[in-house]
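In my numbering, the protein residues as written are 2 to 521.
The structure appears below as structure tokens.
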């Protein structure tokens, strides 16, 4: 009955649009580096996210939602194009070294990463361009990281841009004055995520009845991790009351990985971003637009459990940002379609960032341009209680992650996951239904399953023109081994001391808490 009712509702929406009535608005909220386990409704007992949780409770939560890459730029391009990174050409974060330039990192790796596109291609018909062509006002706020000047949001279908430019982290930090050519600094100490929330709310208030796409793309919770003294105090006290840990990190293959959620700085950042989401949701409510606005929320890659700020844990999932395991690619993935999605509903259908483009166009009855060959599928049938045909999902990352990730390709079919490594040609096989934490490689137990999946993966890589890393003729195994030993020994010890210090009563990062002026 629920499926039939929602089908009727979607048909009614299409009939209203055909009759010239107002199309639904779209609010798309994208977090940066937010892990699958970083929200209260996903099981975190340390972080607090009531406004984002509201979206999960009012719409549909996909429990197996994925980004298309374990780092940011590829995933962001996939959302806007409906394509896998192998199809749009951006396979790592823009600015990453490739080829012989990789040697400059002094990581002594065995291979040289593949080359990649440094900007979103002009010929891509982005989600914003298609919606703008069908009468939508289009607005972008926050992190872009899909190319330099000439490939900014306003070059790809967004009429307004507040803060999107070349870089992937907030230059100058999270408190005004920051350094951003497309977002004037506010009063000293103004919070960047709160400013982006207000800019988005102001845009919504000025749309004057015209359907809109508001794309709120936070820099949060990417490093540098910064918060206010009051929020640090709140979460420092919360961590101390829960009991302090003597050890927070476990060395996994190439780098130490955080196993505990107790960083008070990072927790404060999540609360501030959540409050900014609340500003936008409240504006929709105030203007009576909530019942005609599709709201989406997701993240671009896993939480940073190793590398960068080592700020969170994705347990029970293994790894995090930059890594090939579930902690690096599984994300919060929420969709609220008023009158269609059942409040508090969930779906275990595996879905990907490639699906946002066809889904949103389907929901507002806008056709996909024939020249835009998308890899994703519409999830509209799932949102109304049905399902979609079973399909494999793919990843290809011919690079090294700053967080310990290895050049690899992945295929997921139902609960089976195969990872192929490009350094040595080895495969790992996991059954996610029985081993979501990917602790037991069962490739030797199920060789036929692994062989079949590898065959499908190889065909996909060939068909999509995937590029691969090449062997480095200057590779020195001894240098790499000594680096890893240092990271496992003194490196891990230094990490433990640094993160324990965040919870000391006398902790203070600088004279004025990163210039926040005490403003939350």
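Glycine included, every Cβ here is placed at the ideal spot set by N, Cα and C.
In the structure shown, what three-state DSSP assignment does residue i receive?
i, result
"residue 35", "coil"
"residue 301", "coil"
"residue 267", "helix"
"residue 26", "strand"
"residue 445", "coil"
"residue 425", "coil"
"residue 396", "strand"
"residue 431", "strand"
"residue 285", "helix"
"residue 273", "helix"
"residue 419", "strand"
"residue 472", "strand"
"residue 17", "In this prediction, residue 17 scores a pLDDT of 46, lower than 50, which makes its location untrustworthy; the coordinate-derived value is nonetheless stated afterwards. In this structure, residue 17 counts as helix in the three-state DSSP scheme."
"residue 391", "coil"
"residue 259", "strand"
"residue 414", "strand"
"residue 382", "helix"
Is the CB-CB distance between residue i and residue j below 7 Å?
i, j, result
"residue 404", "residue 307", "yes"
"residue 300", "residue 332", "yes"
"residue 368", "residue 292", "no"
"residue 444", "residue 451", "yes"
"residue 259", "residue 250", "yes"
"residue 355", "residue 68", "no"
"residue 1", "residue 39", "Nothing can be reported for residue 1: it is not among the residues displayed for the chain, which extend from 2 to 521."
"residue 229", "residue 514", "yes"
"residue 148", "residue 120", "yes"
"residue 341", "residue 385", "yes"
"residue 493", "residue 109", "no"
"residue 129", "residue 158", "yes"
"residue 29", "residue 297", "yes"
"residue 193", "residue 175", "yes"
"residue 383", "residue 348", "yes"
"residue 414", "residue 420", "no"
"residue 205", "residue 255", "no"
Exposed or buried, residue i, counting other C-beta atoms within 10 Å across all chains shown (16 or more means buried)?
i, result
"residue 388", "exposed"
"residue 207", "exposed"
"residue 115", "buried"
"residue 245", "exposed"
"residue 263", "buried"
"residue 407", "buried"
"residue 79", "buried"
"residue 302", "buried"
"residue 165", "buried"
"residue 75", "buried"
"residue 439", "buried"
"residue 97", "buried"
"residue 288", "exposed"
"residue 134", "exposed"
"residue 136", "exposed"
"residue 3", "Here residue 3 scores only 33 on pLDDT, less than 50, and its place in the model should not be relied on; the value that follows carries that caveat. Per the 10 Å Cβ criterion, exposed."
"residue 185", "exposed"
Near residue i, which residues of its chain fall below 7 Å by C-beta distance, leaving aside the five closest residues on each side in sequence?
i, result
"residue 518", "189 and 190"
"residue 465", "85, 87 and 88"
"residue 113", "100, 101, 103, 470, 471 and 473"
"residue 1", "For residue 1 there is no data in the structure shown, the boundaries of the chain being 2 and 521."
"residue 279", "52"
"residue 43", "37 and 333"
"residue 196", "187"
Near residue i, which residues of its chain fall below 6 Å by C-beta distance, leaving aside the five closest residues on each side in sequence?
i, result
"residue 18", "With a pLDDT of 45 at residue 18, under the threshold of 50, the modelled position of that residue is not reliable, and the figure given next carries that caveat. If we look at residue 18 and ignore the five residues flanking it on each side, its Cβ neighbours are 24 and 366."
"residue 379", "359, 360 and 363"
"residue 312", "226, 264, 267 and 305"
"residue 507", "none"
"residue 310", "224 and 226"
Tell me which same chain residues have a C-beta within less than 8 Å of the C-beta of residue i, skipping the five on either side of it?
i, result
"residue 481", "108, 109, 110 and 111"
"residue 370", "126 and 131"
"residue 183", "153, 162, 163, 164, 165 and 166"
"residue 488", "252, 255, 256 and 257"
* Asked: Which ranges does the alpha helix (DSSP H) cover as unbroken runs of at least 4 residues, wholly within the region 38 to 66, from first to last along the chain?
  -> 51 to 59
* Where in the region 183 to 257 do unbroken runs of the alpha helix (DSSP H), each at least 4 residues long, occur, reported from the N-terminal end onward? -> 193 to 206 and 230 to 243
* To do: Could you pull out every unbroken beta strand (DSSP E) segment of at least 3 residues lying fully inside the region 82 to 165, listed in chain order?
  => 138 to 143 and 161 to 163
* Tell me the start and end of each unbroken alpha helix (DSSP H) in the region 301 to 337 that is at least 4 residues and wholly inside, in chain order. => 327 to 330
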